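A quick write-up on the structure given underneath.
Numbering (my numbering), first residue to last: 166 to 841.
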């Protein structure tokens, strides 16, 4: 699965150099890292801007605190003025100028801010305040108080709106969250409920008719909401202690008397709500307590905004420190990564180029350079070390091959020379075998002629014997016949002598053939030895050498058989010669005796009978010799054919030896391109 997913990247990697691969890795790692760094810096910068914007809102809210105090003072002075206090009028004029100046400053501070509606809201507050300042001396004091209370509530609502616009109400920091909720949300809600009750009490004090349902509703809301809001503040202060114990303790210290005063004021106001004609002194006391509580509210709010400003400035300082830390550490990390990638790329490119150069030199056949030394424990060093081992082993192997090629050339030359010599000897052997076959053919013809002559001699001897028995009168004819027989016996003796001479010549030829066969056997043995040295290349030549040795062995066997036959022929020929000589001697005696006396007829007849028997034996011997000579001729013909095959085989061996020389020369040429 992993290989399938990474196959496209693997194919792309095989098409790229190391430099390009590292460039891709550099951009694929550094650029996202730079992007993440920029994003982190952007987030930190946004946090700084948000906190600064919250500081703007907090400062703006803090700047509105004097306006609320001045509005409370304005409400009291207005009540005094409407009661007939002339000195209050002068103070009101001065206070009107100060409040308008404060509102104008707040409006000017809101103008540079974008996407806010603060100027419009401030204009509405300023417009409502102007209506209050335009009251006549005979104006209704209750309406004046209600207008002041509504205006104060409007300012509190505007402060809450400013907190929302500047993100204070959405601040994620727990330290600031509880301060904001307490000072900008919960306390204004309590103040709003108290101001509503004060307005109703004021109306009751001047004996205005108020709907009892309204009084009951306000009482119910105050009974339910003020304890809930107080409990909420207590809970928020308790929760804030988990994140900032010192601030929570200070806030608790400020809030405890305020909460007690609120509960007392609540009880007093609830009693006065159901009194038809509350006393002016009681109402004045309630108003005094409410003003004190409002002052305490402002103290709590001031502490909260001050602490909030401190928290926000601490957060901004921390965010700026984080921003600088992110920037420096990120740039340092990216620089280290870039330095490492650059170093790795440079080192791997250099080392791979060294390995590539070594492989190219080996491919060119240059094994004379030393080993490539690359320090390190990585795969490239292992490849270089393996390349050194490969170069060493391959150099040794090629050197041995080159040396073997030279030896193979020498062996091929020796085999070629031996093959040529063997071919020459085979040709001579073939020629000698052919000549021997021709001689044996002539010998066979001669023996056949001798056999025919012996048969005729036998017939004549038989006739002579019959004639000698028939009549002595034919002695003369017998003498003549015996003389003829003597001549024929002499011729037969010459033929037999010639046969012995030819048999002796055949023995010489057979000895020559035996010598050639032995020489052929030795040459075949040498050729087999040389073929074994040649190894795989000489296997075919070894087969030829085995065949030649086999032929030589068969030739030697045949020559032994021929020698045995010829020896027998020679023995028989000598016997025939002896018998012929004896017959000639007897014929001569017979001729001499025939002229002396006819009484020798019996002796002649006996001699003739003996001669007939001898001639018959000679005839039989010649017949056997003829058959043997034919067998010898057939074997000699076989020897001639084998000699021809031997000659052809030696020619093929010579051609193979030449081809072996060419292959050895080609091998030497191929190996000679390598340098050691």
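Glycine included, every Cβ here is placed at the ideal spot set by N, Cα and C. Model, not experiment: these values are computed from the prediction.
Please return the same chain residues whose Cβ sits closer than 8 Å to the Cβ of residue 288, not counting the five positions on each side in sequence. So the list reads 272, once near-sequence residues are dropped.
Taking the alpha-carbon of residue 220 as reference, which of 521, 400, 477, 614 has the nearest alpha-carbon? It is 477 whose Cα lies nearest to the Cα of residue 220.
For residue 429 versus residue 391, is the C-beta spacing smaller than 7 Å? Cβ distance not < 7 Å, so residue 429 and residue 391 don't count as in contact.
Quick one, which of 265, 486, 711 has its alpha-carbon nearest residue 697's? Closest by alpha carbon: 711.
What residue range is occupied by the uninterrupted alpha helix (DSSP H) comprising residue 845? In the structure as shown, the chain starts at 166 and stops at 841, and residue 845 therefore has no counterpart that could be examined.
Indicate the three-state DSSP secondary structure (helix, strand or coil) for residue 511 in the structure shown. Secondary structure of residue 511 (DSSP, three-state): helix.
Buried or exposed for residue 294, please, with buried defined as at least 16 other CB atoms from any protein chain shown within 10 angstroms of its CB. Classification for residue 294: buried.
Give me the Cα-Cα distance between residue 260 and residue 426, rounded to the nearest whole angstrom. Using only the alpha carbons, I get a separation of about 28 Å.
Among 747, 463, 789, nearest to residue 775 - alpha-carbon criterion: Nearest C-alpha to residue 775: 747.
Check whether residue 435 and residue 384 have beta carbons under 7 Å apart: Pairing residue 435 with residue 384 gives a Cβ-Cβ distance under 7 Å.
What separation, rounded to the nearest whole angstrom, lies between the Cα atoms of residue 197 and residue 408? Per the coordinates, the alpha-carbon of residue 197 lies some 36 Å from the alpha-carbon of residue 408.
Per-residue DSSP class, three states only, for residue 331: Residue 331 sits in coil when the DSSP states are folded into three classes, being neither helix nor strand.
Candidates 562, 523, 227, 274, of which the one nearest residue 551 by Cα: For the set 562, 523, 227, 274, the Cα lying nearest the Cα of residue 551 is the one of 523.
Quick check: the Cα distance between residue 223 and residue 486, rounded to an integer number of angstroms? CA-to-CA, the gap between residue 223 and residue 486 works out to about 23 Å.
Segment limits, alpha helix (DSSP H) that includes residue 406: Per DSSP, residue 406 belongs to no alpha helix (DSSP H) and is neither H nor E.
Compute the Euclidean distance between the alpha carbons of residue 247 and residue 255, then round it to the nearest angstrom. A straight-line Cα-Cα distance of about 13 Å links residue 247 and residue 255.
Answer with buried or exposed for residue 554, where buried requires no fewer than 16 other C-beta atoms within 10 angstroms of its C-beta. Counting every other CB atom within 10 Å of its CB across the protein chains shown gives residue 554 a total below 16, marking it as exposed.
Through-space distance from residue 241 to residue 446, alpha-carbon basis: One C-alpha to the other measures close to 15 Å.
Using C-beta distances below 6 Å, list every residue in its chain close to residue 216, excluding the 5 sequence neighbours before and after it, in chain order. Cβ neighbours of residue 216 within its own chain (closer than 6 Å, five residues either side excluded): 477, 480, 481.
If we cut at 7 Å on Cβ distances, does residue 219 have a partner in chain B? Protein chain content of the structure displayed is limited to a single chain, and chain B is not contained in it.
According to DSSP, simplified to helix, strand and coil, what is residue 299? Coil at residue 299, not helix or strand.
Take residue 330 as the anchor and find which of 218, 301, 173 has the nearest alpha-carbon. Ranking the options by Cα distance to residue 330, first place goes to 218.
Would a C-beta distance cut-off of 7 Å place residue 394 and residue 464 closer than the cut-off? Going by C-beta atoms, residue 394 is not nearer than 7 Å to residue 464.
Taking the straight line between their C-alpha atoms, what separation do you get for residue 234 and residue 267? Looking at the two C-alpha atoms, the distance is approximately 12 Å.
Please name the residue in 415, 468, 583 whose C-alpha comes closest to that of residue 695. For residue 695, the nearest C-alpha among the options comes from 583.
Taking residue 226 and residue 320 to be in contact with their CB atoms under 8 Å, please state how far apart those CB atoms are, rounded to whole angstroms. With a Cβ gap of about 10 Å, residue 226 and residue 320 do not count as contacting.
Rounded separation between residue 721 and residue 806 - CA only: The straight-line gap from Cα to Cα measures roughly 14 Å.
So which of 411, 250, 325 has the shortest CA-CA distance to residue 303? The option with the nearest alpha carbon to residue 303 is 250.
Taking residue 244 and residue 306 to be in contact with their CB atoms under 8 Å, please state how far apart those CB atoms are, rounded to whole angstroms. Contact holds; Cβ gap of about 6 Å.
Do residue 451 and residue 423 have their C-beta atoms within less than 7 Å of each other? At a Cβ-Cβ threshold of 7 Å, residue 451 and residue 423 do not count as neighbours.
Among 466, 284, 708, which residue has its Cα nearest to the Cα of residue 821? By alpha-carbon distance to residue 821, the top candidate from 466, 284, 708 is 708.
What whole-angstrom Cβ distance do residue 459 and residue 237 have, given they're in contact under 8 Å? 6 Å between Cβ atoms; contact.
Are the beta-carbon atoms belonging to residue 396 and residue 406 less than 7 Å from one another? In this structure, the beta-carbon distance from residue 396 to residue 406 does not fall below 7 Å.
Output needed for residue 332: all residues of its chain with C-beta closer than 8 Å, excluding positions within five of it in sequence on either side, in chain order. A distance below 8 Å between beta-carbons, with the five flanking residues on each side excluded, links residue 332 to the following residues of its chain, in chain order: 215, 218, 219, 222.
Rounded to whole angstroms, what is the Cα-Cα separation between residue 185 and residue 169? Going from the Cα of residue 185 to the Cα of residue 169 covers about 23 Å.
Roughly how many angstroms separate the alpha carbons of residue 206 and residue 283, rounded to a whole number? Cα to Cα, residue 206 sits roughly 31 Å from residue 283.
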